[in-house]
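The sequence shown begins at 1 in my numbering and counts up by one.
Glycine is no exception: its CB is placed at the ideal position from the N, C-alpha and C atoms.
Scroll down for the structure; my scribbles are underneath it.
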Amino acid sequence: MNQELENLILLQQIDSKILDIESLAGDLPQKVDKKEQNLKDINNELDTSNNRIEEIEKENRKLKSEIEDSQSSLTKYKEQLFLVKSNKEYDALNNEIDHIKQAISESEENYILLEEEKETLIKSKESNESEVTTLNEILDKEKAKLESALSNSKVDLEELTTNRKSLEAKIASSYLNQYNTLKDVKGMGVAPLNGSCCGSCYSMLPPQMVVEIKSNNIIHSCPSCSVYSYWEEEQEEEI
């Protein structure tokens, strides 16, 4: 048998065993990954909320200080109204008082809006924190289930992974790249002939190609699905 073909067949056998072991966990790996990503997103949202709350508190401390200063100035100007001796001075003070009142009103309005935003953020933060707690509890349980499902096969999986890496080094990159692409897309990169048909997509293969594949000395890809084909000697005995 062609050595390259033999290595591809062995690689497929290893990948099939790895798939069998991983399937023991069912969809738990996907569930764990999804919840971990969800948890990461919520924590990022919490960080954003906490940062915004800090900004609001800083802005409102500043606004509160400005309001207090403005109110102090307002009181001073109102007292000065009783001391002015001309209409011009009186009008100027009144204009200043109106300006300060407007500034106080705007600052108070901004303060209220920021406090409302802060309250909304705090409620959202509390909801997210509760969700984080729940997700962590579920995640711990699912990780435990996943670990339990894989623990008995962990040694076998590590050995198969090591053997796979060793075998990959023996296969030409052109064959290996096509095999890996096919495996990822179709679940297999090599399949035995099924009579005169491709063992992957069951398309009828050209007679001459079938003859050459049965020799196991020439590597052929199915014209329809591109999966590599080979001939299992046992099939000859069964026929």
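- Task: Indicate the three-state DSSP secondary structure (helix, strand or coil) for A169 in the structure shown.
- Result: To locate residue 169, count along the sequence shown from 1; it is residue 169. Looking at A169 - three-state DSSP - the assignment turns out to be coil, as it is neither helix nor strand.
- Please work out which residues of its chain come closer than 7 Å, Cβ to Cβ, to I213, disregarding the five sequence neighbours upstream and downstream, and give them in chain order. The residue given as residue 213 occupies position 213 in the sequence shown. The beta carbon of I213 is closer than 7 Å to those of L193, H220, S229, Y230 and W231 in its chain, skipping five residues each way along the sequence.
- For S73, which of I138, L160, P29 and K101 has the nearest alpha-carbon? In the sequence shown, residue 73 corresponds to position 73, counting from 1. With distances taken between Cα atoms, S73 lies closest to K101.
- Query: Quick one, which of N51, N136 and L205 has its alpha-carbon nearest K40's?
  - Reply: Translated into the one-based positions of the sequence shown, residue 40 becomes position 40. Among N51, N136 and L205, the Cα nearest to that of K40 belongs to N136.
- Query: How many angstroms separate the CA atom of E233 from the CA atom of P207?
  - Reply: Residue mapping note: residue 233 aligns to position 233 of the sequence shown, counting from 1. Residue mapping note: residue 207 aligns to position 207 of the sequence shown, counting from 1. Going from the Cα of E233 to the Cα of P207 covers about 18 Å.
- Item | Backbone CA spacing between I104 and L121 [nearest angstrom] | For the purposes of this step, residue 104 is taken as the residue at position 104 of the sequence shown. For the purposes of this step, residue 121 is taken as the residue at position 121 of the sequence shown. Computed Cα separation, rounded: 25 Å.
- Around the C-beta of D69, are 16 or more other C-beta atoms found within 10 angstroms, so that it is buried, or is it exposed? Here residue 69 refers to the residue found at position 69 of the sequence shown. Counting Cβ neighbours within 10 Å, D69 comes out exposed, since fewer than 16 surround it.
- Confirm, please, whether the CB-CB distance from N180 to I42 is below 7 Å. Here residue 42 corresponds to residue number 42 of the sequence shown, with the count starting at 1. Here residue 180 corresponds to residue number 180 of the sequence shown, with the count starting at 1. No, the pair does not count as a contact, with Cβ atoms beyond the cut-off.
- Message: In whole angstroms, give me the CA-to-CA distance for N110 and T48.
- Response: Taking the sequence shown and counting its residues from 1, the one referred to as residue 110 is at position 110. Taking the sequence shown and counting its residues from 1, the one referred to as residue 48 is at position 48. Taking the straight line from one Cα to the other gives about 21 Å.
- Task: In angstroms with no decimal places, state the Cα-to-Cα distance between K62 and E22.
- Result: The sequence position of residue 62 within the sequence shown is 62, counting from 1. The sequence position of residue 22 within the sequence shown is 22, counting from 1. About 58 Å.
- Pick from T161, E108, L139 and L46 that is closest to I14, judged by C-alpha positions: Position 14 of the sequence shown holds residue 14. For I14, the nearest C-alpha among the options comes from T161.
- In the DSSP assignment, find the unbroken alpha helix (DSSP H) run with P29 in it and report its ends. Here residue 29 is taken as the residue at index 29 of the sequence shown, counted from 1. Unbroken alpha helix (DSSP H) run through P29: L28 to Q80.
- Query: What three-state label does DSSP hand S202 in the structure shown?
  - Reply: As a first step, residue 202 is located in the sequence shown; it is residue number 202 there, counting from the start. Per the sequence presented here, residue 202 reads as Tyr, with Ser not at that position. In the structure shown, Y202 sits in coil (DSSP, three-state: anything other than H, G, I, E or B).
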